[in-house]
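Down below is the structure, laid out as structure tokens.
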Amino acid sequence: MADAQTKQVASLPATARRTVDEDPPATVQMVRTDYGGQIAVHDFGGDPKLGHVVLLPANGFHGLCYKALAGHLRSQLHCYAIDAPDQGSSGPAPPDGNFYDHYITAVRAFLDHFALPGCHVFGHSSGGLTAAALELRAPGSFSSLYLYEPVLFAPLITDWYQKHGKGLEHPGAKLAVRRRVTFASKAAALTNYARKPPFHYFRADVLLNYVQHGFAPTSGAHGSTDGTVSLRCSPQAESRVYNEAISISIDVWPHISSIRTHTTVACGTDDPKNTFAEAEKNAPWLVEGIALARLEKYSHVRHLGPMEDPAFIAGRLLKHIQASGDQARWQGLSRRQEVQLSKL
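1 is the number of the first residue of the sequence shown in full-length UniProt numbering; add one for each residue after it.
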């Protein structure tokens with residue numbers, strides 16, 4: 001698989017490979033939040049036949065990682081993506097309080113700024129938890145929710161964390177703090193990721209976008225640079241997001257039955273080596289708790305499925321949105337469905 005991904009990267013247009021070390025184009029709009037910081041919003045455009053959708057990234061990933069996904073949606077939807085606080089081109093999250101409270105505040109700032117209350121939302125992992133929590137706190141924020149492996153954990157999981165001590169780290173947090181931060185160049189980072197899981201599963205253009213927009217020149221003393229590049233999202237910021245998903249899940253879970261929005265909870269294959277296997281196991285419990293929720297399971301992708309097969313995920317998201325606008329059609333859908341690759 002790694003060799004195949006390396007070949008995919010090598011097969012990208014020469015202009016794409018040449019520009020991997022160039023600065024990303026200035027397509028970001030900054031929006032101020034109520035906590036005083038700014039978030040980056042990417043407007044991918046599109047024909048709003050089915051309305052507008054905002055894409056909320058997984059932890060450690062910026063909004064432009066979902067550019068390929070948006071490309072498969074733009075014929076039907078006007079698409080936006082947000083960089084979470086502390087990630088991508090967004091400003092820092094306040095150090096106090098729970099990260100997810102700040103992420104929720106940031107999404108509300110986006111909805112207010114673009115006058116888009118009631119748009120559709122695609123939430124991936126931490127983005128899915130954020131979308132569900134916002135809909136609970138402000139019902140009607142979204143007209144439908146598509147949550148891909150949201151890290152909104154059921155009591156069976158959070159109780160385990162509490163039982164084993166308040167200071168217990170999420171497995172993802174432990175991995176995050178060990179993450180390599182600096183590379184000689186973006187091209188070097190691209191080559192490195194193309195050979196390693198989970199990145200070697202990504203579609204080549206998604207991996208390119210992750211690297212091109214997820215790194216910046218390394219800052220030294222007095223703002224100097226040494227020619228290397230470093231991750232925009234620090235390991236400490238990424239680790240915080242993993243750990244604080246546990247405490248906010250404890251607060252949110254008892255109220256999930258109050259979500260009255262058409263909701264699809266999607267998950268990838270069960271992978272015993274997957275750090276996020278708990279998100280896959282958790283999905284059925286979440287569906288049981290939300291009256292208008294249904295479960296979709298995809299056997300050919302993993303926790304980062306939107307990066308692995310954005311065309312397939314976009315197809316499922318479009319079907320979800322189309323059905324959510326027709327109550328009779330929604331009620332006719334199976335509550336639980338395993339969707340094969342060929343069934344777009």
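We treat Cβ as the ideally placed atom computed from N, Cα and C, and that holds for glycine.
- The continuous alpha helix (DSSP H) containing valine 241 extends over residues 235 to 252.
- Nearest to methionine 30 by C-alpha distance, out of Ala81, Ile321 and His200, is Ala81.
- In terms of Cβ geometry, isoleucine 246 and phenylalanine 153 form a close pair [threshold 8 Å].
- Beta-carbon to beta-carbon, serine 126 and alanine 70 are separated by about 19 Å, too far to satisfy the 8 Å threshold.
- According to DSSP, arginine 316 shares a beta bridge with no other residue.
- The continuous alpha helix (DSSP H) containing glutamine 162 extends over residues 155 to 163.
- A distance of 8 Å or more separates the beta carbons of glycine 123 and alanine 115.
- The Cβ atoms of leucine 333 and arginine 302 lie no closer than 8 Å to each other.
- If you look at arginine 108, you'll find it in the alpha helix (DSSP H) that goes 99 to 113.
- Note that the segment 137 to 151 does not touch the segment 192 to 200; fewer than 3 beta-carbon pairs, one per stretch, sit closer than 8 Å.
- A distance below 6 Å between beta-carbons, with the five flanking residues on each side excluded, links glycine 214 to the following residues of its chain, in chain order: His62 and Arg232.
- The three-state secondary structure of glycine 45, taken from DSSP, is strand.
- A distance below 8 Å between beta-carbons, with the five flanking residues on each side excluded, links valine 252 to the following residues of its chain, in chain order: Leu129, Ala132, Ala133, Leu136 and Leu152.
- In the three-state DSSP reduction, serine 257 falls in the helix class (H, G or I).
- Here glutamine 331 carries a helix assignment [DSSP, helix/strand/coil].
- Under DSSP, the beta-bridge partners assigned to proline 217 are Val229.
- According to the DSSP assignment, arginine 294 belongs to the beta strand (DSSP E) that extends over 293 to 298.
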